[in-house]
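Engineer: Below is the structure I would like to discuss, written out as structure tokens.
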Amino acid sequence: MTEIPDLMRLASGAARHAASRQATIAANVANADTPGFRARDVDTFSPDDGFALRRSELIPGDPRHFAGRTGTAAEAHDLRDLPADPNGNTVDLEDQILRGIDAARAHDRALTVYRSSLDLLRASLGRG
Amino acid sequence: MAEFSDSLSILSSGMRSQGQRLRHIAENIANEDTPGYRRKTIEFRAHVEDGRRTGAIETGPVRLERGELPKIHDPAHPMADAEGYHEGSNVELLTEMADAREAQRSYEANLKMFEQVRRMSSQLLDILKR
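Sequence lines, in order, name chains A and B.
Residues in the first sequence are numbered consecutively from 1, following the numbering used here.
Residues in the second sequence are numbered consecutively from 1001, following the numbering used here.
Pasting the structure below:
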């Protein structure tokens, strides 16, 4: 029984990561014509970087546990080695749309896992 | 969920700015033959709140393009001077069309991302409905 809540925590961590990646990409697209703006992205999702807190790793008083704190938000970093426009902008719209679709698919995937875990949990409680 | 509403407001700021840019391009094109008209441009810059960049975008004040206005020889024109010249506008249609295309493309990209984020958030809400 304990595996299912862990799985759901992992899935919700992945979904949160995809959402914050999508927010970073949204800022890139909005700034596609801002002079000097550098395109940003977040690192790929890894279950160990605080997105999916394991029970044994919970630290009392850790600010990341409080609702509304974005301590678990992925750190965005500038993308390097991109060709820049004459005004110093490095946003490539095609590339950003592709990244956006990637993030949306990751989000879909995470939600599907979450939903099927939820179904399993409900089935085990006899509520099919 | 906060990420989604942030993304949506950032994207709508992008669409608003591109729309404003398109509006000034339309004004420029309409005034191509207005004597003494100077081309209007707006500047895009990052929106800063409490000393921190929010990722949103805002438009700066309208600027009039400096530079010499072309002299047009037309002695019959009511504004022509003693030598028969009057000032034209410094609008170039080709530049404006290229600018309009770029604005439209960026606007569409913002709209596409907007739809995608909205779809993601409604999928999240679907889980709650069950």
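Beta carbons: idealized from backbone N, C-alpha and C, even for Gly.
Quick caveat: nothing in here was measured; it's all calculated off a predicted structure.
Might you give, ordered along the chain, the residues of its own chain that have their beta carbon closer than 7 Å to the beta carbon of B:Tyr1085, omitting 5 neighbours on each side?
Structural biologist: Answer for B:Tyr1085: Lys1071, Ile1072, His1073, listed in chain order.
Engineer: Look at the Cβ atom of A:Asn129, then the Cβ atom of A:Gly13, and state whether they are nearer than 8 Å.
Structural biologist: Outside the shown range of chain A, which is 1 to 128, sits residue 129 of chain A, and nothing can be said about it.
Engineer: Where B:Leu1124 and A:Ser20 are concerned, what is the direct C-alpha to C-alpha distance, given to the nearest angstrom?
Structural biologist: Cα to Cα, the separation comes out at about 14 Å.
Engineer: What distance in whole Å lies between the Cβ atoms of A:Thr34 and A:Asn89, which are believed to be in contact at a cut-off of 8 Å?
Structural biologist: Yes, A:Asn89 and A:Thr34 are in contact; Cβ-Cβ is about 6 Å, under 8 Å.
Engineer: In whole angstroms, give me the CA-to-CA distance for A:Ser117 and B:Gly1014.
Structural biologist: Rounded to whole angstroms, A:Ser117 to B:Gly1014 spans 38 Å at the Cα level.
Engineer: Taking CB distances under 8 Å as the criterion, tell me whether A:Gly100 reaches chain B.
Structural biologist: Interface residue, yes.
Engineer: Check for me: the alpha helix (DSSP H) holding B:Thr1095 runs from which residue to which?
Structural biologist: It spans 1093–1129 - the alpha helix (DSSP H) in which B:Thr1095 sits, taken as one unbroken run.
Engineer: Can you find at least 3 beta carbon pairs, one from the segment 1090–1097 of chain B and one from the segment 1048–1063 of chain B, that sit closer than 8 Å?
Structural biologist: The segment 1090–1097 of chain B is not in contact with the segment 1048–1063 of chain B.
Engineer: When you compare the CB of B:Gly1019 with every CB in chain A, is at least one pair closer than 8 Å?
Structural biologist: By this cut-off, B:Gly1019 is not an interface position.
Engineer: Using only the alpha-carbon positions, how far apart do B:Ala1100 and A:Leu82 sit?
Structural biologist: Their Cα atoms are separated by approximately 25 Å.
Engineer: Assign B:Leu1128 to buried or exposed, taking buried as 16 or more other Cβ atoms, counted over all protein chains shown, within 10 Å of its Cβ.
Structural biologist: It is exposed - the Cβ of B:Leu1128 has fewer than 16 other Cβ atoms within 10 Å.
Engineer: Quick check: is the beta carbon of A:Val42 nearer than 8 Å to any beta carbon in chain B?
Structural biologist: With 8 Å as the cut-off, A:Val42 does not count as an interface residue toward chain B.
Engineer: So with CB distances below 7 Å, who are the chain A contacts of B:Asp1006?
Structural biologist: In chain order: Ala23.
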